[in-house]
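Encoded as structure tokens, the structure appears first; notes follow it.
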Amino acid sequence: MRPVDRAGVEELSPAAATYLGERAGALAAFAELLVREGDKRGLLGPRELPRLWTRHLLNSTAVSGFVPSGALVADVGSGAGFPGVVLALVRPDVDVVLIEPMARRVQWLMDVADWLALENVRVARARADELHGELAVDVVTCRAVAALRELVPWVAPLLVDDGELAILKGARAAAEIAEAAAVLHRFGLAPAWVEEVDPVVDGVHLFGEEPARIVRTRRVPRG
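Sequential numbering from 275 applies to the sequence shown in this note's numbering.
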């Protein structure tokens, strides 16, 4: 295999390795695949490599603390694998369905699951709304897919009663919740809130200058 030019590639830091513990090696293997294949497959451009860990891999771990043991998780719009593949790697106790409509991204996700021997992953080539009535999960995750008010009609019907949304959002997380208040209620979801995750190891903020922001809500039991 041809060597990869690693100039400018953010590497796994000692602080991040401490944070990840025994899962550091698995996540490093995924990072290597992204470095080798990400740009070639149109998934992760070279400008993202200097923040590969901080912005993408480590940030994606933020949802893991909101997923109960043994849960079935749907990751909507999985793309390059954030956060779904990362979640499957750091939480081998949960099962993850990677939902992605684009063929080339589906092939990538299938290749990754094969190369990394991810037995707790399956890939569904579909839009989330095409799986209504077919898939019922405990948790839905996603990242950089759409505004919350647009997401809710796609993802809420995938949840079982008391199932949760755990959606990675940016600085507008609270504003998106306010804009989505009516649609959250219409689709049977409780009022949403923002959880901030900002792990610090040896004085290093692992997610960079800003914490990860997770929009959370749950499906109110019907009937």
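No residue lacks a Cβ here, since even glycine has one placed at the ideal position from N, Cα and C. Source: prediction; values computed, not measured.
### Task
Can you give me the start and stop residues for the beta strand (DSSP E) that threonine 491 sits inside?
486 to 492
Run of the alpha helix (DSSP H) containing valine 368, from where it starts to where it stops:
First-last for valine 368: undefined, no H or E at that position.
key: valine 494, buried or exposed, once every other Cβ within 10 Å from all chains shown has been counted against 16   = exposed
- Ordered list of alpha helix (DSSP H) runs contained in the segment 372 to 426, each at least 4 residues: 377 to 389
Review point. Expressed to the nearest angstrom, what Euclidean distance is found between the alpha-carbon atoms of valine 359 and isoleucine 441?
Key: 15 Å
*From the DSSP output, in three-state form, read off alanine 445 for me.*
coil
On a Cα-Cα basis, can you pick out the residue from Arg315, Tyr293, Gly339, Gly344 that is closest to threonine 328? Tyr293
Would you say lysine 443 and glutamate 450 are within 8 Å of each other, going by their C-beta atoms? yes
| task | Below 8 Å on the Cβ atoms is my guess for valine 478 versus serine 287; work out the distance and round it to an integer in Å. | result | That belief holds up - the Cβ atoms of valine 478 and serine 287 are roughly 7 Å apart, short of 8 Å.
Going by the beta-carbon positions, is the gap between alanine 337 and valine 370 smaller than 8 Å? The sequence given here has valine at residue 337, not alanine. No, the pair does not count as a contact, with Cβ atoms beyond the cut-off.
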